[in-house]
Each structure stands twice: as structure tokens, then as C-alpha cells.
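Those letters in the sequence shown? Residues 17 to 200, per the UniProt record's numbering, in order. Beta carbons: idealized from backbone N, C-alpha and C, even for Gly. Down below is the structure, laid out as C-alpha cells.
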Amino acid sequence: GYRARSAYKLLQINEKFHVIKKGDSVVDLGAAPGGWLQVAQKLSGGKIVGVDLEGITPIPGVVTFRADITALSTVDQVKDALGGDADVVICDAAPNLSGAWDRDHAISIDLARSALEMAKKLLRPRGNFVVKVFQGDMFIDFLNDVRREFAVVHAHSPAASRKESAETYVVGKKLLSAPVRKGD
Ligand code: SAM
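Laid out in C-alpha cells, this is it:
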């Protein structure tokens, strides 16, 4: 079994979009309690690094530490732990729900933007990215920003997500390298 039901969402996303392959190095942002880490390890068997504000009960073969994904210093900490570029960056980070949807949406978009910035710094060229966002009026701008950075982009609402949660996973495949980046 997995530590979190969200594990099945990542399995479903990977079945559909083939984001994580055998041997890939994977960085998981907002990884506690560790369900996605377990799935990433099963799918890749490669180097896995997970960070969260909360502690993560150790998983053999996975490096985890506490860090804020909105802090610039976290990029260097992850790079050190990884010892190279990442093939895949995944992010399921979410705010504690306040119930005020606009507010929760705004924080979710901020977290997703932090994840995108980290992905641009951590991923190898043509690396892959998955990020969760709560739907709302800032979603389209964020999606367009992801489209500028990746050759192929999908927005996916897994069947396992409850309707009321309005979560969408944005999948970016093949990070574009700077010279060919669209819109430059
Ligand atoms: N994918 C995980 C799993 O399968 O176990 C579940 C992740 S849970 C839905 C969202 C996580 O995002 C929480 O553990 C929360 O602490 C984390 N989070 C929220 N804001 C964060 C931040 N600024 N930096 C790091 N983690 C953050």
C-alpha cells in the first residue's frame, strides 16, 4: 500500500503521459507524507529526492529533507542532494485549505510557479514536469507560462480526484532549452 491516496493519481498520470521512466532521477516538491515518492521509486528505481515543510518518514533509497519550495536556497539544497540534473520534477504541493477558494487558488498558483521556477533550474534539457494546481481564474496564465517552457503540455484532471476539489495536474514534457524557447 501507499502512504497517501494521491499515489494513485501519479500512477494514473504516468500511465497516460509516460513522465517517469526506468532509471530517471526524480525530484518531488511538497512530498509529505511520501506516497508520490513511493510511486516515483517504483517507476524509476533511480535517484529520488523529496522535500516538504513537514518531515517525511524515511523511505530506503530516497533522500528527503525539510525545505520551503518557495525559498530560492532550496534549489541549491536539492541540487546538492541530487548530484546532477533531474530527469523529472513533480509537485503535489498544496496549501492547508482555508475554505476561501480565491485565497486557496492564489496560494496554489504561487506554489505551482515556484515549482516551475525550480523545474527550470533542476531539469536537464528535455526533462519532464508535473504540477498540481487548484482551478481558478489564474490557471490559464499559469498554463501558458508552462507552455512557453515545454514542447508538449497537457492539463489533466484524474478520475481519482473528487469533483469538488477541482484539482488539475499540468504535465510539461521536454523542457525547451533557452535558444529555442517559444516567445523569446
Ligand atoms: N504527493 C504527496 C504524497 O503522495 O504523499 C502529498 C502531498 S500533500 C497533498 C501537499 C504537501 O505540500 C503538504 O505536505 C505540505 O506540507 C506541502 N507544502 C505546502 N507548501 C509547501 C512549501 N511552501 N514548501 C514545501 N512543501 C509545501
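Residue i - DSSP class collapsed to helix/strand/coil
i      : result
Glu165 : helix
Leu37  : Going by the sequence as given, residue 37 is Lys instead of Leu. DSSP places Lys37 in coil when its eight states are reduced to three.
Lys63  : coil
Ala176 : With a pLDDT of 49 at Ala176, under the threshold of 50, the modelled position of that residue is not reliable, and the figure given next carries that caveat. In the structure shown, Ala176 sits in coil (DSSP, three-state: anything other than H, G, I, E or B).
Ile75  : coil
Ala20  : coil
Ala171 : strand
Gly143 : strand
Asp92  : helix
Asp68  : strand
First through last residue of the beta strand (DSSP E) which encompasses residue i
i      : result
Ala102 : Ala102 to Cys107
Thr86  : That residue, Thr86, is in no beta strand (DSSP E); it is neither H nor E in DSSP.
Leu113 : From DSSP, Leu113 is part of no beta strand (DSSP E); its letter is neither H nor E.
Gly188 : Glu183 to Leu191
Leu45  : Val42 to Leu45
Cα-Cα separation, residue i to residue j
i      : j      : result
Val43  : Lys25  : 17 angstroms
Leu192 : Asp92  : 21 angstroms
Asp126 : Gly51  : 23 angstroms
Phe33  : Pro111 : 26 angstroms
Val79  : Leu53  : 10 angstroms
Lys37  : Glu165 : 21 angstroms
Val186 : Leu139 : 16 angstroms
Met134 : Gly39  : 21 angstroms
Ser89  : Lys136 : 15 angstroms
Ser41  : Asp118 : 35 angstroms
Ala176 : Lys148 : Low local confidence applies: a pLDDT of 49 at Ala176 is under 50, so the model's placement there is unreliable, with the coordinate-based value given in what follows. The straight-line gap from Cα to Cα measures roughly 13 angstroms.
Val169 : Phe145 : 9 angstroms
Val104 : Ser130 : 15 angstroms
Leu45  : Val94  : 10 angstroms
Val55  : Ala116 : 31 angstroms
Gly17  : Asp157 : 37 angstroms
Ala109 : His172 : 16 angstroms
Asp161 : Leu27  : 25 angstroms
Ala48  : Pro141 : 27 angstroms
Residue range of the unbroken alpha helix (DSSP H) whose run includes residue i
i      : result
Asp118 : Trp117 to Leu138
Does the count of Cβ pairs from the region 20 to 37 and the region 83 to 92 closer than 8 angstroms reach three? no
Should the region 94 to 102 be called in touch with the region 57 to 65, which here means at least 3 C-beta pairs below 8 angstroms? yes
I want to know whether the region 115 to 125 touches the region 145 to 159 - three or more CB-CB distances under 8 angstroms. yes
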